[in-house]
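So the structure is just underneath, and the comments pick up after that.
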Amino acid sequence: MCGIAGRLNRTKRVDPASLAAMVQRLAHRGPDGQGVWTGGPDGRIGLAHSRLSIIDLAGGHQPMGNEDGAIQVVFNGEIFNHIELRAELIAQGHTFRTHSDTEVIVHLYEQVGEAFVDHLNGQFAIALWDGRQRRLVLARDRTGIRPLFFTWTPDGLAFASEVKALFALPEVPRALDVGALGETFTYWAPLPGHTVFQGIDALPPGTLMVVDAQAPDVRASARLHRYWDWDFGDGDFSADTHDRSGGTHQGEDLAEELRALLIDAVRLQLRADVPVGAYLSGGLDSSIVTTLIKHFTDTPLRTFSLTFDDAEFDESAQQAELVAHLGTSHSSLRCSRADIAQAFADTIWHTEAPVLRTAPTPMMLLARHVRESGFKVVLTGEGADEVFGGYDIFKEARIRRFMARQPQSKVRPQLIDRLYPYLRHSPAAARVLAQRFFAEGAEHAHQPHFGHHPRWQTTQRIWQFFSPDVRAQLAGWNHLAALEAHLPASHAGWQPLQRDQYIEAHTLMSGYLLSSQGDRMAMAASIEGRFPFLDHRVIEFGNRLPPRYKLMGLTEKYLLKRSVHGLLPEGIRTRTKQPYRAPDSACFFEQGRALDWVAELLSPARLADAGLFDAQAVGKLMAKCAQGRAIGFGDNMAFVGVLSTMLLHERFVRAH
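Everything in the sequence shown is counted per the numbering used here, starting at -9 for the first residue and increasing by one.
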């Protein structure tokens, strides 16, 4: 895991000092060394790297080139199948000088050109300079685990693992993008390719970008190619799975196939020249990862957990049960409301985006604990819910579609009672309001966004806190049309659950969970997170499954649970999904008063200076939070969203 940066100029040489300044901003991503290279036509290309050494500790320094230096690479991430690729490339005549996975990228590109990304099993952001073709190639992993941002400068292109590195260049302006804020306060994150900063783009997941350095206009020469995406075929899997599974034994055969695939994904992701640990939340997904490590690998099992003072969020009992079951060496970090409030500003410095929950902050604190324990790498259970249908939103959508067929039924709404057993203030408790929520948009049941529409409507209530000027700028924007523009044409042939999965993977997962709550929180403490459930082979297997093997009635992740029967304690294997959550607005108030720094940041004067939010509306929300009456999702999301946006403006715009 590392940080990368670089520049491609149109007319002038790249100043190595500017590259050093960029990569210095990424020192938390790579504290083990830095490297800078300039070259290309008239010195107009420059690459920089900040290293977190995990594989080939002595020989893996970057930028790294081929034998004649014509190919140069900087790389953030891991290529898990580098050993197999190395053997193939040696057989094809390539000579290696190191044992690093980075050098595999160099020779693989020499061998197959732009198709090199198709051969990689990993999580990566790559910048490759091809001196023979005089072109720059940028690539991002299939699901967007590792970030890569770019901006067009007056003389060319600049790119980096984090936006703060781009802001090291004086010519890059700093301003928040109102449209992207509207997207964030709808989908939880900007749509793929967007960021909340004007003029700064994100390379979308699974995308390759090629820029011709010889072109008169390098920006016009840029070519983006989507080399991988979630694909559910034509929606008819029954014949395929029946033929290969043996009729009545279909489910068991598929479960065995899935178990073998997960074992191999875990085995590959344990590859490292440093100790590897694992997160253990107490839920199904992390329990599966840790159990597979214990039973099917030789890696010593070291696990880490979060616990909370608030019983509503705490899963320490389930964690203790699995620790006892596996006999793992384990430690936990207890997180209080005060801990979250104290670290929240640092969280936003690293997310570089607004957040609607405080949940990233405890993850950052846990990553610090992992680092202090002598580890650089952890495996996590992220991704299983998107791949195998684990979220409440999938069950909500199924109930809503079921109710839409008989909207006057008095029996069907009773299914709502089976949702949210983990919530103290469950939306299902108020039956009339819950029935209204689940009936919302029933006339659009055929639309691809039907499953997400109520959630987006709830999140968009934050818009009422925008200033009149911001609301005017957002007037006329249609969040449904904007989302549909990002859907592939093939989605029309998918089944409803598959459309729900696709949208979830391309909004909440890639834009928030893998970024603000994933990569950024781990790398803030120089920790590399790895995600076996997001091995592209696992995703492709899941996408081939009939929806009934994911959501069986209202039982989530049916086949995944079946695949680990006998390996986990039954209470954990069959436990209803409880999403990871943390205390929200309550963290920022004591004895009926906002914390001093919160009161200052959200004061009428500071709100007016930023121009983003309506001071009167925010004041009423703060009063509600101070009185302890902000108990619903809407109020908490609004408060955290406003606070995090103001912190973002403070650290990245106002301070400069």
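Glycine residues also receive a C-beta, built at the ideal position from the N, C-alpha and C atoms.
None of these values were measured; they are calculated from a predicted model.
Counting every other CB atom within 10 Å of its CB across the protein chains shown gives W484 a total of 16 or more, marking it as buried. With 16 or more neighbouring CB atoms inside 10 Å of its own CB, A515 falls in the buried class.
Bridge partners of M542 according to DSSP: T545.
Only buried fits W119, as 16 or more other CB atoms lie within 10 angstroms of its CB. Of V153, L550 and T176, the smallest CA-CA separation from R641 is found for V153. Y217 sits in coil when the DSSP states are folded into three classes, being neither helix nor strand.
In the DSSP assignment, G36 falls outside any alpha helix (DSSP H) and within the unbroken beta strand (DSSP E) covering I35 to R41.
The Cβ atoms of D459 and G601 lie closer than 8 Å to each other. Here DSSP, grouped into helix, strand and coil, assigns D288 to coil.
Between the alpha carbons of Q82 and E100 lies a gap of roughly 11 Å. For V360, the CB contacts under 8 Å within the same chain, skipping 5 residues up- and downstream, are G267, F294, V368, A515 and I517 in chain order. Uninterrupted beta strand (DSSP E) stretches at least 3 residues long and entirely within the segment 109 to 182 occur at 112 to 120, 125 to 130, 139 to 143 and 146 to 150, given in chain order. Around the Cβ of V168, a 10 Å sphere holds 16 or more other Cβ atoms; the residue is buried.
Between G272 and E302, the C-beta gap is not smaller than 8 Å, which leaves the two residues out of contact. In this structure, the straight-line span from the alpha carbon of A48 to that of D22 is close to 11 Å. Excluding sequence positions up to five before and after A11, its CB lies within less than 7 Å of the CB of A158, all in the same chain and listed in chain order. For F65, the uninterrupted beta strand (DSSP E) segment begins and ends at I61 to I69.
When C-alpha distances from A38 are compared across R125, Y381 and V63, the shortest belongs to V63. The three-state secondary structure of A495, taken from DSSP, is helix. At least 8 Å separates the beta-carbon of L98 from that of L128.
When DSSP reads this structure, T297 sits in a beta bridge with R324.
Around the beta-carbon of K547, 16 or more other beta-carbon atoms lie within 10 Å, marking it buried. Here I493 has H442 as same chain residues with Cβ atoms under 6 Å from its own Cβ, once five neighbours each way along the sequence are excluded. The DSSP assignment places complete alpha helix (DSSP H) segments of no fewer than 4 residues inside the segment 577 to 633 at 586 to 591, 594 to 600 and 605 to 616, in order along the chain. By the 16-neighbour rule on beta-carbons within 10 angstroms, W467 is exposed. DSSP lists V367 as the bridge partner or partners of V266. Fewer than three pairs of CB atoms, one per stretch, sit closer than 8 Å, so the segment 339 to 350 makes no contact with the segment 313 to 321. Non-local beta-carbon contacts of K284 in its own chain, meaning distances under 6 Å to residues more than five positions away in sequence, involve L291 and L316 in chain order. Taking a C-beta distance under 8 Å as the contact criterion, P180 and V186 qualify as a contact pair. According to the DSSP secondary-structure assignment, F187 is paired through a beta bridge with L166. Contact annotation: G67 and R136 have beta-carbon atoms nearer than 8 Å.
Looking at the backbone, the Cα of I73 and that of L585 are separated by about 52 Å. Looking at the DSSP output, M199 bridges to L128 and L214. Here DSSP, grouped into helix, strand and coil, assigns A48 to coil.
Exclusion of the five residues before and after R249 leaves S553 and V554 as the residues of its chain whose Cβ lies within less than 8 Å of its Cβ.
Nearest to D131 by alpha-carbon distance, out of G146, E93 and M199, is M199.
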